[in-house]
Each structure stands twice: as C-alpha cells, then as structure tokens.
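In full-length UniProt numbering, the protein residues as written are 1 to 100. All residues carry an ideal CB built from backbone N, CA and C; glycine is no exception. These numbers come from a predicted model, not from an experiment.
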Amino acid sequence: MGWATGYIIKLRAGQVVSFRPRGNSMSPRIESGQLCTVEPVDPRDIRPGDIVLCKVRGTEYLHFVKSVQDGRFQIGNNRGHINGWIGHNAIFGRLVKVEP
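Shown next as structure tokens:
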C-alpha cells in the first residue's frame with residue numbers, strides 16, 4: 001500500500017477525491033501540501049500536459065503525462081525526471097483543481 005491507495009480505491013469506484021500531497025517534484029505547478037482534486041478519467045481523454053494520479057513500477061505519483069504513444073503514457077515530474085511508461089490500467093484519475 002502506498003500513500004494514494006485509499007484515493008485510488010475511491011477513484012476506481014467513480015468518486016472524486018481531494019488530498020494534500022507532499023513533496024516538491026511538481027513545484028511550482030503543485031506546491032507541497034496544496035489541496036488537489038482528482039476525478040476519474042477515461043484514458044482515451046488523457047493528453048500530454050495532463051496531471052494524473054498513477055502508478056509507475058509500483059510507486060504512486062501525481063505527475064505529468066509527458067507523452068502518449070500507442071495507448072501508453074510517459075509519466076514525469078516538473079523537474080525533468082521521467083518515471084517511465086505505463087498502460088491505461090495504471091492511471092486512476094486526472095487533476096482538475098489545485099487550491100492553497
């Protein structure tokens with residue numbers, strides 16, 4: 001279980017979730033502790049630049065979709081790091097709002 005496991009369960013059930021992630025990898029787009037609202041998303045609607053709640057190699061992230069190719073999504077942070085490629089089944093929701 002990771003930090004987002006409970007939110008992922010709710011997203012899979014069709015619920016919208018809000019939480020305050022910690023860390024600086026998405027700064028200045030998302031600052032540590034800001035309230036983030038994520039809603040379920042159809043992976044066909046995901047585009048580069050979207051921020052998604054996802055899992056890459058067993059680790060949960062709220063990170064950017066950097067590229068989309070052949071039904072796969074490249075995930076990375078706002079500091080230039082690429083986490084890797086994932087399939088649609090590893091994306092659980094899309095960020096829709098960030099608040100202080």
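Cβ-based burial, residue i [other Cβ within 10 Å; buried from 16]
i: I9; result: exposed
i: M26; result: buried
i: A13; result: exposed
i: N83; result: buried
Residue i versus residue j - alpha carbon distance
i: H81; j: H63; result: 10 Å
i: Q74; j: K66; result: 5 Å
i: E39; j: Y61; result: 15 Å
i: P28; j: N78; result: 8 Å
Delimiting residues of the alpha helix (DSSP H) encompassing residue i
i: R12; result: 5 to 12
The beta strand (DSSP E) enclosing residue i, as first and last residue numbers
i: H63; result: 59 to 69
i: Q15; result: It is not in any beta strand (DSSP E) - Q15 carries neither H nor E in the DSSP assignment.
Minimum C-alpha distance to residue i - residue among the options
i: Q34; options: D45, R47, S18, I46; result: S18
i: I91; options: S27, N78, G58, M26; result: G58
Nonlocal neighbours in the same chain, by C-beta distance under 6 Å from residue i, ignoring five residues either side
i: R94; result: V41, D50, V52
Beta-carbon contacts of residue i that lie in its chain and below 7 Å, excluding the five residues immediately before and after
i: Q15; result: none
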